[in-house]
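S.K.:
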Amino acid sequence: PPARLGLIGLGKMGLPMGRRLVASGFAVRGFDPLEEARAAFAEAGGTACGSAAEAAAGAEAVVTMLPNGEVVRRAVLEGADAVAGAMRPGAILIEMSSSAPLSTRALGERLAALGIGLVDAPVSGGVRKAEAGTLSIMLGGAGPALARIRPVLEAMGSALFETGPLGSAHAMKALNNYVSAAGLIAACEAVQVGAAFGLDPVVMTDILNVSTGRNNATENKLKPFVLPETYDSGFGLALMTKDVGIAVELAEALGHPAPFSHAVAAFARSALARLGPEADHTAVDRYLKLLAAP
Ligand code: NAD
Numbered sequence: 011p012p013a014r015l016g017l018i019g020l021g022k023m024g025l026p027m028g029r030r031l032v033a034s035g036f037a038v039r040g041f042d043p044l045e046e047a048r049a050a051f052a053e054a055g056g057t058a059c060g061s062a063a064e065a066a067a068g069a070e071a072v073v074t075m076l077p078n079g080e081v082v083r084r085a086v087l088e089g090a091d092a093v094a095g096a097m098r099p100g101a102i103l104i105e106m107s108s109s110a111p112l113s114t115r116a117l118g119e120r121l122a123a124l125g126i127g128l129v130d131a132p133v134s135g136g137v138r139k140a141e142a143g144t145l146s147i148m149l150g151g152a153g154p155a156l157a158r159i160r161p162v163l164e165a166m167g168s169a170l171f172e173t174g175p176l177g178s179a180h181a182m183k184a185l186n187n188y189v190s191a192a193g194l195i196a197a198c199e200a201v202q203v204g205a206a207f208g209l210d211p212v213v214m215t216d217i218l219n220v221s222t223g224r225n226n227a228t229e230n231k232l233k234p235f236v237l238p239e240t241y242d243s244g245f246g247l248a249l250m251t252k253d254v255g256i257a258v259e260l261a262e263a264l265g266h267p268a269p270f271s272h273a274v275a276a277f278a279r280s281a282l283a284r285l286g287p288e289a290d291h292t293a294v295d296r297y298l299k300l301l302a303a304p
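Take UniProt numbering: the final residue in the sequence shown is number 304, and no numbers are missing along the way.
Below you can see the structure in the form of structure tokens.
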């Protein structure tokens, strides 16, 4: 297994994932432009670096956990601090952000020309599972390299699903998050309409959870984040909007009408415009309330 890892992006997910890697015995060099993120990473036993290239230098594998594929592309390929410039031929980039599958394939071609491997390995489970090291990891394009990177993935996740060639895991992740977003919006809407009719939101949640309307939002988001209106799950509305947008773009690229995904994407964009870039994705509930009583 690789002894030395780079980790680019020490945000809500990257930081706890980095903690798990350090706890599993890897020497991890990390970079994030935010000073607080680097300080927290150093406190966890990682080596905080002054640039992405410094974090990647000499690593057998580099993990990226950045906002989106465009940020990944720039960090990996562009400028004097480019990650790819610092990686040695034969090393592998493990792209764990939720990125667009077609961009991932293009990045793979660029890296292959440099002798650097690429796998897409997006995760599901959120901040809590990142902290526990129990993420679900979808994996595309690994082939025989899986044996080499498996210990790295197992430090962060407890379930691994190989989805096919490069980009397939990013496609799977975007489609999952589209379904998840649709389920959340529907759940919030239904509970608000029910409450307006006089139903108790807690009773509604309990009934949904043993009925056919049950989904991840009814089970894991209504009581912790939506009903108390704390809206602090740790997954940003901007990221959810980005993910649904990737699903829509994928459908469009394939010539598939997928009309409901367009409706969900338009709703997410409006909510994001109204609530701002710092809002949590569970705050779609607040947006629905603003629509009902502006
Ligand atoms: P985040 O915004 O908290 O973290 C992203 C980090 O990347 C930030 O700390 C930012 O400073 C850093 N960054 C930006 N540009 C950089 C660069 N050039 N070099 C190094 N660091 C840079 O986001 P997050 O919640 O950690 O999500 C990361 C990815 O994981 C996203 O693609 C998201 O969709 C996905 N994801 C998030 C969750 C979740 O629950 N938060 C769950 C599954 C997947």
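C-beta: ideal position from N, C-alpha, C; glycine also.
Computed from a predicted model, the values in this text were never measured in an experiment.
Alpha helix (DSSP H) containing V236: first to last residue?
M.R.: As a working note, residue 236 is residue 226 in the sequence shown. Careful: V236 lies outside any alpha helix (DSSP H) and carries neither H nor E.
S.K.: With distances taken Cα to Cα, identify the nearest neighbour of A47 among S61, G19, G35, S34.
M.R.: Residue numbering aside, residue 47 sits at position 37 when the sequence shown is read from its first letter. Answer by Cα proximity: G19.
S.K.: Tell me the residue span of the beta strand (DSSP E) that contains I147.
M.R.: Numbered from its first residue, the sequence shown carries residue 147 at position 137. Segment 145-150, the beta strand (DSSP E) holding I147.
S.K.: Can you list, in chain order, the residues of its chain with a C-beta nearer than 6 Å to that of G125? Leave out the 5 residues immediately preceding and following it.
M.R.: By one-based count along the sequence shown, residue 125 stands at place 115. So the list reads P99, once near-sequence residues are dropped.
S.K.: Could you have a look at G246 and say whether DSSP puts it in helix, strand or coil?
M.R.: Taking the first residue of the sequence shown as 1, we reach residue 246 at position 236. Strand at G246.
S.K.: Does DSSP classify T57 as helix, strand or coil?
M.R.: Against the sequence shown, residue 57 aligns to sequence position 47. Looking at T57 - three-state DSSP - the assignment turns out to be strand.
S.K.: Got a sec, what are the start and stop residues for the beta strand (DSSP E) V129 sits in?
M.R.: On the sequence shown, residue 129 is found 119 positions in, with the first residue counted as 1. V129 -> beta strand (DSSP E) spans 127-130.
S.K.: Hey, how far is the Cα of V203 from the Cα of S280?
M.R.: The sequence position of residue 203 within the sequence shown is 193, counting from 1. The sequence position of residue 280 within the sequence shown is 270, counting from 1. In a straight line, the C-alpha of V203 is about 20 Å away from that of S280.
S.K.: Within this structure, are the beta carbons of G136 and T144 separated by less than 8 Å?
M.R.: As a working mapping, residue 136 is identified with position 126 in the sequence shown. As a working mapping, residue 144 is identified with position 134 in the sequence shown. Taking 8 Å as the Cβ cut-off, G136 and T144 do not qualify as a contacting pair.
S.K.: Which class does V220 belong to by DSSP, given the choice of helix, strand or coil?
M.R.: Taking the sequence shown and counting its residues from 1, one reaches residue 220 at position 210. Of the three classes helix, strand and coil, the one that applies to V220 here is coil, per DSSP.
S.K.: Leaving out the 5 sequence neighbours to the left and right, which residues in its chain are closer than 6 Å to D242 when beta-carbon positions are compared?
M.R.: In the sequence shown, residue 242 corresponds to position 232, counting from 1. Within the same chain, D242 has close Cβ partners D290.
S.K.: Assign residue 308 to one of three DSSP states: helix, strand, or coil.
M.R.: With the chain represented from 11 up to 304, any question about residue 308 goes unanswered, as that position is not in the structure.
S.K.: Is it true that the CB of L128 sits closer than 8 Å to the CB of L103?
M.R.: Locating residue 103 in the sequence shown gives position 93, counting from the first residue. Locating residue 128 in the sequence shown gives position 118, counting from the first residue. For L103 and L128, yes; Cβs fall inside 8 Å.
S.K.: Using a Cβ distance threshold of 8 Å, determine whether the stretch 160-177 contacts the stretch 109-122, with at least three qualifying pairs required.
M.R.: In short, these stretches touch, since the Cβ pair count reaches three.
S.K.: With DSSP collapsed to three states, give me the class of F171.
M.R.: The count along the sequence shown starts at 1 and reaches residue 171 at position 161. Three-state DSSP puts F171 in a strand.
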